[in-house]
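One structure is given below, encoded as structure tokens.
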Amino acid sequence: MDDTLFQLKFTAKQLEKLAKKADKDSKAEQAKVKKALQQKNVECARVYAENAIRKKNEGVNWLRMASRVDAVASKVQTAVTMKGVTKNMAQVTKALDRALSTMDLQKVSAVMDRFEQQVQNLDVHTSVMEDSMSSATTLTTPQEQVDSLIVQIAEENGLEVLDQLSQLPEGASAVGESSVRSQEDQLSRRLAALRN
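Residue numbers (the working numbering): 1332 to 1527.
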């Protein structure tokens, strides 16, 4: 099972590298689009743009696959850990059976202490694994943060996205009224500053 875990982690790393390479290729194609547009060669720019989009989608697909493989690796890691803990629990249980059969109270007490320690270790391992599993398999990020980042990037580049965010299905966007108002106020101030 350890070999399987190693192979899964190795595969996830390879997929992440492929995703980075595809992203890099996409950016290179975008630079070619810009250059072609500067040379007023729209037909070549269109071809480069198609390549950039294809490479970007390829990178997203590689990244999605890497995430899935990493989630499986986390599940295998949980199984390996639980197997070790279960083995320790079985040993303690056998020792407890032997101690109870002799009815030596000191031995029973010592074995019970070991048993309680193993249970605590199991709780810690379970808690850590559950936390890592939830972070590995949960792909949700607070929507408010996502929307805020989109708005920030749009503002930096002079793009209008508030209309597109408002067209998302209900619950998919957490940009509230106050956030929209503050964004509009900020845009109004920037426009006024540009006019002066």
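Glycine included, every Cβ here is placed at the ideal spot set by N, Cα and C.
- Per DSSP, K1366 is one residue of the alpha helix (DSSP H) stretching across D1333 to Q1369.
- CA-to-CA, the gap between A1523 and E1515 works out to about 12 angstroms.
- Taking the Cα positions, K1386 is about 14 angstroms away from V1364.
- In the three-state reduction of the DSSP assignment, M1420 falls in the helix class, which pools H, G and I.
- Contact between L1339 and V1407 holds: their C-beta atoms lie close to 6 angstroms from each other, under 8 angstroms.
- Distances from the alpha-carbon of T1335 to those of F1446, A1410 and K1348 put A1410 closest.
- Look at D1454 here: in three-state DSSP terms it is helix.
- Short of 7 angstroms from the beta carbon of A1376, and not among the five residues preceding or following it, lie these beta carbons of its own chain, in chain order: V1364, A1367 and L1368.
- The C-alpha of R1429 is placed about 9 angstroms away from the C-alpha of V1439.
- In this structure the segment 1411-1420 does not touch the segment 1386-1398; the number of beta carbon pairs closer than 8 angstroms is below three.
- Its Cα nearest to that of V1378, the residue S1357 stands out among S1357, E1389, S1398 and A1397.
- The beta carbon of L1431 is closer than 7 angstroms to those of V1439 in its chain, skipping five residues each way along the sequence.
- Looking at A1359, L1349 and V1455, the one whose alpha-carbon comes closest to that of A1380 is A1359.
- Just measuring C-alpha positions, the residue of A1383, N1372 and L1436 sitting nearest D1354 is A1383.
- Scanning its chain for C-beta atoms nearer than 7 angstroms, with the 5 sequence neighbours on each side dropped, one finds around A1397 the residues A1343, L1346, E1347 and A1350, in chain order.
- Here the C-alpha atom of Q1448 lies approximately 17 angstroms from the C-alpha atom of Q1437.
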